[in-house]
Amino acid sequence: MVLLFFKILGGEASKNFARSDISFGFGWLGDPPGFSIREGIDLQPNSGIRALAVGGLNTLRVAFSGIVAATLLGTVIGVARLSKNFIVSKLASFYIETIRNVPLLLQMFFWQVLLQSRSSLTEESVGTKLFDVSNKGIASTWVFPSTGFWPWLLIMIGGYYLARKVARTRRKYQEDTGEDGHPGLFGFLTILGVAIVGWFVHPLLSFLSILWDGIGNLIGAVPAASVSLLIAGLAVAVAAIWIKRFLDTKRTPAGLGKLTDDDIFRMIFAGVSALVIVWIAFKVGGAIINKPDGTDASVAAVLRDGLANIFYWFGDKFTGEAGSPLAISRPVVEVRGTGGFIQYGTTGILATVAFASVWIAVTLYTAAFIAEIIRGGILAVAKGQTEASQALGLRRSQYLRLIVLPQAFRIILPPLGNQYLNLAKNTSLGTALAFGEIVAVGSTLMNQTGQSLPIVLVWMAFYLTLSLSLSGVVNYYNRRMALVER
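Residue numbering for the sequence shown follows this note's numbering, starting at 749 and increasing by one per position.
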């Protein structure tokens, strides 16, 4: 019924477009956008799809960093709300009640005005800084990847799994002997040792450059017509594997268990989703678009070349050059151009006024809601758990960290996921502050190309993917932390 509804809706929309002489298509993705973006990985994008990618990445920067900061801040404030210290408790309550009851957009404007009221950069400001705040934004010293970072990161990933194995071994030793095995300390020392060794030996992984380039060549040799077939086959295979595993979970020693209507719907949804992906793969994969270099290519060919370029990029990073994997970069205030404009340089990290205003506002706003979720989760843990912890002589910080919070997170995670989704979607309010997130960039493209519906569809696809990804991660950890009952 849903597919039929969208088919009818699409047919009516197509007729209305034809009647109004309005074109519908995605050819604008390869055309120059005709405008610049104030911040991001590319200030002068050469195509519509590149402009949307810059806006999408700006959205993700705010969303993911804001989620981490809001979670930490909300946890601290939620615990402070339950403090026996009258001043701490009331300050936390004041923060929560104030921030939650002031509209988010108004908070964004407040932080924008506050930052813009800072002093301007002057000739006295010229020079290298450690940290600086002005009406141009917030500049800070930062650590950036340098030569040899990616080989070193690969070594660190191996070190992480080695540290987990060492910690597991020490934990088993502790369980067998009753002596403190210090699993956390041994795990930390293991990954620290791997990091130090990898800092010096990472050039030895230069042979992987041949492997990355070889994979890129293999992908680039795949015919464009086969890309759609591979995507379709992968979608069908994933759906079939998921349905098989789902049925296995319902199987009992006596045979297949009884399936509920919800179980049947899940399997149908997985199958229909695979068919939709198959249809999109063949329908969209053969569409011809104009690439930024002026040549025409199918969407399937663009996807193939893009995937191959990722492996070529990795091949360039594993060159075996010696050097520090990480580099410290400090911000610089410099004079630019013949007009003598004083600006921040390209070193260090700079949060523009728009970015900082949006980030601070959504972080503080979401943290207030997370604080109440944390408080409710802690109060939901049986009081006897706290009393037993105190009877054992544990300090407040210890029983909160070791006993109360691990149990509370089973209650906290579902509503916490909702707040993550709210934060991600609230970043779209940044368009009111001229922040170059995906909605603002899409609105400008809409004015330039007149393609309203395709751009709205891109927005919907972006936020749907982001929301489903966040929900999937939260649901995964929610299942991991759930109590297993007989």
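The C-beta atom is built at its ideal place from N, Cα and C for all residues, glycine as well.
Going by beta carbons, residue 1062 and residue 956 fall inside the 9 Å limit. For residue 1069, the CB contacts under 6 Å within the same chain, skipping 5 residues up- and downstream, are 895 in chain order. Short of 6 Å from the beta carbon of residue 1199, and not among the five residues preceding or following it, lie these beta carbons of its own chain, in chain order: 776. The alpha-carbon separation between residue 946 and residue 861 amounts to approximately 46 Å.
When the five nearest sequence neighbours on each side are left out, the beta carbons in the same chain lying within less than 7 Å of the beta carbon of residue 1163 are those of 1121, in order along the chain. A Cβ-Cβ separation of about 6 Å places residue 1090 in contact with residue 1083 under the 8 Å criterion.
Judged by beta-carbon spacing, residue 1018 lies beyond the 9 Å limit of residue 1036, meaning their Cβ atoms are not closer than that value. Within the DSSP bridge table, the entry for residue 982 names no partner. Taking all protein chains shown into account, residue 1208 has fewer than 16 neighbouring C-beta atoms within 10 Å of its C-beta and is therefore exposed. With fewer than three CB-CB distances shorter than 8 Å, the segment 1220-1231 does not count as touching the segment 829-847. Counted as a single uninterrupted DSSP element, the beta strand (DSSP E) harbouring residue 886 occupies residues 885-888. Looking from the CA of residue 943, the closest CA among 1045, 773, 1210, 899 belongs to 899. By the neighbour-count criterion, in which a residue is buried when 16 or more other Cβ atoms sit within 10 angstroms of its Cβ, residue 909 is exposed. In the DSSP assignment, residue 1082 falls within the unbroken beta strand (DSSP E) covering 1080-1084. Rounded to whole angstroms, residue 795 and residue 1178 show a C-alpha spacing of 22 Å. As summarised for the segment 883-933, the continuous alpha helix (DSSP H) elements at least 4 residues long and confined to that stretch are 897-925, given in chain order.
The three-state reading of DSSP puts residue 1091 in strand, counting E and B together. The continuous beta strand (DSSP E) containing residue 1044 extends over residues 1044-1046. Secondary structure of residue 876 (DSSP, three-state): strand. For the pair residue 941 and residue 1074, the Cα-to-Cα distance works out to about 17 Å. Under DSSP, residue 1099 takes part in a beta bridge, and its partners are 886.
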